[in-house]
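For what it's worth, my numbering labels the leading residue of the sequence shown as -11, then goes sequentially.
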Amino acid sequence: EIRNPLVTMGGYARRIIQLPKEKSKSGKKIDTSAEIILKECERLEKTLSNVMDFSRPAKFIKEFNNINEIIADTVNLLKNLFLEKRLMVELDLGGEIPLVKSDFNQLKQVMLNLLQNSIDATLPGGSIGIVTDSDGDTVIIRVKDSGSGIELEDPTAVFEPFYSTKVTGVGLGLAIVKKIIKDHNGSIRAVNREGGGAEFAIRLPVPG
């Protein structure tokens, strides 16, 4: 009921943009206004998609996956964002990490959300680190940054639905992360680092 009108508005905005450029009585280009409408429609569609992803049961395709491969794939996907902010990405991926029975795309979404969160929180020239390790029964993933840290007495509150420090956004990114990890029988915690910045630690069980 919400998405259908958005799709319609976005479709008409695209049609206006594709028409020959015209000006209104004020002299302002009509296509500029249409671009704003389209941008806002796309933002609302993304927000709606996040709400739906959080509220509906996840459909998993669980296979044995290499966590390091998921991380490398995600880092490669975000490399342009790292370059734009001149962020140093430090990877310390363990060489003998057990395979984890998991949904590749869901865990990739976890890494995308965590890394995007770190990118947003870290000033240009800062650093983001990703570490993987295993204690035999568990695979451990740590994502840390040199950003502003978590400005809460209880850092775990960042996983609450609709919590956000951003002016835009609905605040479901980290809530979705926690939900996916929980659906994989894992755990995640958030802490402030002593030297500044935040660290997110994920623990995923290794099949016996």
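Each residue gets a CB set at the ideal place from its N, CA and C atoms; glycine is no exception.
Three or more Cβ pairs closer than 8 Å define a contact, and the segment 54 to 68 meets that threshold against the segment 89 to 99. Looking from the CA of residue 175, the closest CA among 30, 193, 182, 184 belongs to 193. Contact check for residue 54 against residue 87 passes: the beta carbons are separated by less than 7 Å.
Per the coordinates, the alpha-carbon of residue 37 lies some 16 Å from the alpha-carbon of residue 100. Beyond the five residues adjoining it in sequence on each side, residue 128 comes within less than 6 Å, by CB distance, of 121, 191 in the same chain, given in chain order. Secondary structure of residue 138 (DSSP, three-state): coil.
Around the beta-carbon of residue 50, fewer than 16 other beta-carbon atoms lie within 10 Å, marking it exposed. From the listed residues 84, 115, 6, 177, the smallest Cα separation to residue 75 is found for 115.
For residue 172, the CB contacts under 7 Å within the same chain, skipping 5 residues up- and downstream, are 90, 192 in chain order. In the DSSP assignment, residue 171 falls within the unbroken alpha helix (DSSP H) covering 161 to 171.
Comparing C-alpha distances from residue 48 to each of 77, 62, 96, 137 shows the shortest one belongs to 96. In the structure shown, residue 110 adopts coil according to DSSP, grouped into three states. The continuous alpha helix (DSSP H) containing residue 72 extends over residues 67 to 72. Judged by DSSP in its simplified three-state form, residue 181 adopts coil rather than helix or strand.
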